[in-house]
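Student: Order-wise, the sequence lines are chains A and B.
Read in order, the letters of the first sequence correspond to residues 984 to 1096 in the numbering used here.
Read in order, the letters of the second sequence correspond to residues 107 to 219 in the numbering used here.
Heads up, the beta-carbon is just placed ideally off N, CA and C, and yes, glycines get one too.
Here's a structure for you.
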Amino acid sequence: DAGVIQSPRHEVTEMGQEVTLRCKPISGHDYLFWYRQTMMRGLELLIYFNNNVPIDDSGMPEDRFSAKMPNASFSTLKIQPSEPRDSAVYFCASSLWGDDTQYFGPGTRLTVL
Amino acid sequence: AQSVAQPEDQVNVAEGNPLTVKCTYSVSGNPYLFWYVQYPNRGLQFLLKYITGDNLVKGSYGFEAEFNKSQTSFHLKKPSALVSDSALYFCAVRESSNYQLIWGAGTKLIIKP
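Laid out in structure tokens, this is it:
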């Protein structure tokens, strides 16, 4: 199994630009999580899906952030417009109901100038 | 409300000595407890978990953790530390009725030769 795949691995953009982060969960997993990691705030859950349906998006910082999961094998996290304070590492993780273990992707390091 | 505390930002241990990384938690009901490790520039990797059963849980890379209900603790341990164990360690908890994990702030473990 290839594990959770995230792209791009690194993204550098300018303030005001739209940023789209992508995630392919492990095949067969029915939960998908988006996290943000910063030195100041640690690891934060942004949103999670079950069977492609958003269950809890209370961690999404503001309306500039949106996430979709159009099918079981793909999810996106979009920031529009981006701001320097959005600079962080964004992780996607997936899990299978009954397993309880979340499997993380390698992350996307986002830098907003 | 659920919470996780990792009281030490950093733990320093000499190679070959035993190590302990502390974690305490607060949940309503029965806890599901997890330890993850993060190496530099990598995603989080699952180490071990406690759901039910034996209070001593064994995991990857020779790590183990002991669930102590009376002290609401789930400390991570290893009998003999290796330099390669140097990494960031996260404790996480969830209630049995809620699929969302609550994460600790992380503890940086440094193993000196």
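Can you list, in chain order, the residues of its chain with a C-beta nearer than 6 Å to that of B:Phe140? Leave out the 5 residues immediately preceding and following it.
Tutor: Walking along the second sequence from the start, residue 140 of chain B turns up at place 34. Excluding residues up to 5 positions away in sequence, Lys155 and Ala198 lie with their Cβ nearer than 6 Å to the Cβ of B:Phe140 in the same chain.
Student: If you follow the beta strand (DSSP E) that B:Trp158 is in, where does it begin and where does it stop?
Tutor: Mapped onto the second sequence, residue 158 of chain B falls at position 52. Correcting the residue identity first, residue 158 of chain B is Thr in this sequence and not Trp. Premise fails: B:Thr158 is in no beta strand (DSSP E) and is neither H nor E.
Student: Between the C-alpha atoms of A:Leu1028 and A:Asp1083, what's the straight-line distance to the nearest angstrom?
Tutor: Here residue 1028 of chain A refers to the residue found at position 45 when the first sequence is read from its first residue. Here residue 1083 of chain A refers to the residue found at position 100 when the first sequence is read from its first residue. Computed Cα separation, rounded: 16 Å.
Student: With a threshold of 7 Å between beta carbons, is B:Phe152 in contact with chain A?
Tutor: Position 46 of the second sequence holds residue 152 of chain B. Yes - at least one Cβ of chain A is within 7 Å of the one on B:Phe152.
Student: Are the Cβ atoms of B:Val223 and B:Leu182 separated by less than 7 Å?
Tutor: Any property of residue 223 of chain B remains undetermined from this structure, which presents chain B solely from 107 to 219.
Student: Tell me, please, whether the segment 998-1016 of chain A touches the segment 107-116 of chain B by the rule of three or more beta-carbon pairs shorter than 8 Å.
Tutor: no
Student: Would you mind stating whether B:Val110 and B:Gly210 have Cβ atoms separated by less than 7 Å?
Tutor: To locate residue 110 of chain B, count along the second sequence from 1; it is residue 4. To locate residue 210 of chain B, count along the second sequence from 1; it is residue 104. Cβ atoms of B:Val110 and B:Gly210: closer than 7 Å.
Student: Are any of the Cβ atoms in chain B nearer than 7 Å to that of A:Pro1037?
Tutor: Within the first sequence, residue 1037 of chain A is the residue found at index 54, counting from 1. It does not; no Cβ of chain B falls within 7 Å.
Student: Which of the three DSSP states is assigned to A:Pro1067 in this structure?
Tutor: In the first sequence, the residue the question calls residue 1067 of chain A occupies position 84. Three-state result, A:Pro1067: helix.
Student: Three or more beta-carbon pairs under 8 Å between the segment 1063-1077 of chain A and the segment 989-1002 of chain A, yes or no?
Tutor: yes
Student: Any beta-carbon of chain A closer than 7 Å to the one on B:Trp141?
Tutor: One-based indexing of the second sequence puts residue 141 of chain B at position 35. No, no contact with chain A.
Student: Do A:Tyr1086 and A:Val987 have their CB atoms nearer than 7 Å?
Tutor: To locate residue 1086 of chain A, count along the first sequence from 1; it is residue 103. To locate residue 987 of chain A, count along the first sequence from 1; it is residue 4. The answer is yes: Cβ separation under 7 Å.
Student: What are the partner residues of B:Lys175, as DSSP defines its beta bridges?
Tutor: Taking the second sequence and counting its residues from 1, one reaches residue 175 of chain B at position 69. DSSP output for B:Lys175 lists no bridge partner at all.
Student: Do you know how far the Cα of B:Gly168 is from the Cα of B:Ile217?
Tutor: The residue given as residue 217 of chain B occupies position 111 in the second sequence. The residue given as residue 168 of chain B occupies position 62 in the second sequence. Each residue's Cα considered, the two are about 15 Å apart.
Student: Evaluate A:Trp1080 with the Cβ neighbour count: other Cβ atoms within 10 Å of its Cβ, from every protein chain shown; 16 or more gives buried, anything less gives exposed.
Tutor: Locating residue 1080 of chain A in the first sequence gives position 97, counting from the first residue. Per the 10 Å Cβ criterion, exposed.
Student: Which of the residues in the segment 1079-1090 of chain A, read from start to end, lie with their CB under 9 Å from any CB of chain B?
Tutor: Trp1080, Asp1083, Thr1084, Gln1085, Tyr1086, Phe1087, Gly1088, Pro1089 and Gly1090
Student: Would you verify that the beta carbon of B:Gly149 is, or is not, closer than 7 Å to some beta carbon of chain A?
Tutor: For the purposes of this step, residue 149 of chain B is taken as residue 43 along the second sequence, with counting starting at 1. Closer than 7 Å: yes.
Student: Anything in chain B within Cβ reach of A:Gly1025, meaning under 9 Å, just list it in chain order.
Tutor: Looking up residue 1025 of chain A in the first sequence gives position 42. Result: Phe196, Trp209, Gly210, Ala211 and Gly212.
Student: Tell me whether B:Tyr145 sits in a helix, a strand or coil according to DSSP, three-state version.
Tutor: Residue numbering aside, residue 145 of chain B sits at position 39 when the second sequence is read from its first letter. The answer is coil: DSSP assigns B:Tyr145 none of H, G, I, E or B.
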